[in-house]
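Okay, so the sequence shown: first residue is 475 according to this note's numbering, each after it adds one. Positions of the beta carbon are idealized from the N, C-alpha and C atoms, including for glycine.
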Amino acid sequence: QEDADSGGLVMRSRYAIILGTAGVVLLDAWLKRFALSTFPSDTSVVSPGIFTLVVHRNPGLAFNIPLRIPVVLAISVILGVALLWMAWKHRAETSDVASAALTVFIGGLGNMLDRAAYGYTVDYLLFFGRSALNLSDLVIMGGIVWMLWAGKKELPIDESAKTP
Numbered sequence: 475q476e477d478a479d480s481g482g483l484v485m486r487s488r489y490a491i492i493l494g495t496a497g498v499v500l501l502d503a504w505l506k507r508f509a510l511s512t513f514p515s516d517t518s519v520v521s522p523g524i525f526t527l528v529v530h531r532n533p534g535l536a537f538n539i540p541l542r543i544p545v546v547l548a549i550s551v552i553l554g555v556a557l558l559w560m561a562w563k564h565r566a567e568t569s570d571v572a573s574a575a576l577t578v579f580i581g582g583l584g585n586m587l588d589r590a591a592y593g594y595t596v597d598y599l600l601f602f603g604r605s606a607l608n609l610s611d612l613v614i615m616g617g618i619v620w621m622l623w624a625g626k627k628e629l630p631i632d633e634s635a636k637t638p
């Protein structure tokens, strides 16, 4: 009985994380609209500090890789389908991997909707005058770290590789 209860608690906490992630991405969408109407452009900031609130319009892929929006949207759809497939495939045996894949998907969806609506992704957190991010980016990075950790945790141990 105790194992079933702890399994249910783990599943509920994973659902809470996924719902919380969706809430963060919704907050990010609101912050992006707010930033567009309130924050200065990153090109107007003369001496940015360690952290500055600005509007950076990223027309390309991650890290400002310059690609046309149709290409970026196509890559985003392919990555989104791959993440959903991974979440579906690992839903039972390695649900941490599945939850992490859904986290990355939800964060990516926040940025993909920007690209579809504005033609660029809105970043508003500028670090060290160089790295522009938004909350969806942080969700994606957190999901990738979680996925790597969960994947490593779930790898089977190869007994034949052990030395005597």
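So, is residue i buried or exposed, given that buried needs 16 or more other C-beta atoms within 10 angstroms?
i	result
residue 517	exposed
residue 600	buried
residue 550	buried
residue 505	buried
residue 610	buried
residue 487	exposed
Rounded to the nearest angstrom, what separates residue i and residue j at their Cα positions?
i	j	result
residue 584	residue 500	8 Å
residue 561	residue 555	10 Å
residue 591	residue 620	29 Å
residue 616	residue 540	24 Å
residue 655	residue 497	The first residue shown for the chain is 475 and the last is 638, placing residue 655 beyond what the model contains.
residue 511	residue 559	37 Å
residue 503	residue 489	21 Å
Within a Cβ cutoff of 8 Å, which residues of the same chain sit near residue i, ignoring the five residues on either side of it in sequence?
i	result
residue 524	601, 602
residue 508	none
According to DSSP, simplified to helix, strand and coil, what is residue i?
i	result
residue 525	strand
residue 596	strand
residue 606	strand
residue 601	strand
residue 589	helix
residue 542	coil
Under 8 Å, do residue i and residue j count as touching if we go by C-beta distance?
i	j	result
residue 613	residue 593	no
residue 543	residue 589	yes
residue 546	residue 557	no
Going by beta carbon distance, what residues of the same chain come within less than 6 Å of residue i, once the five residues before and after it are set aside?
i	result
residue 530	516, 597, 606
residue 495	577, 580, 613
residue 586	550
With 8 Å as the threshold, decide whether the Cβ of residue i is near any Cβ in chain C.
i	result
residue 598	The chain inventory of the structure shown lacks chain C, comprising one protein chain alone.
Leaving out five residues before and five after residue i in sequence, what residues of the same chain have Cβ atoms less than 7 Å from its Cβ?
i	result
residue 528	513, 514, 515, 516, 519, 598, 600
residue 522	600, 603
residue 538	532
residue 624	568, 570, 571, 574
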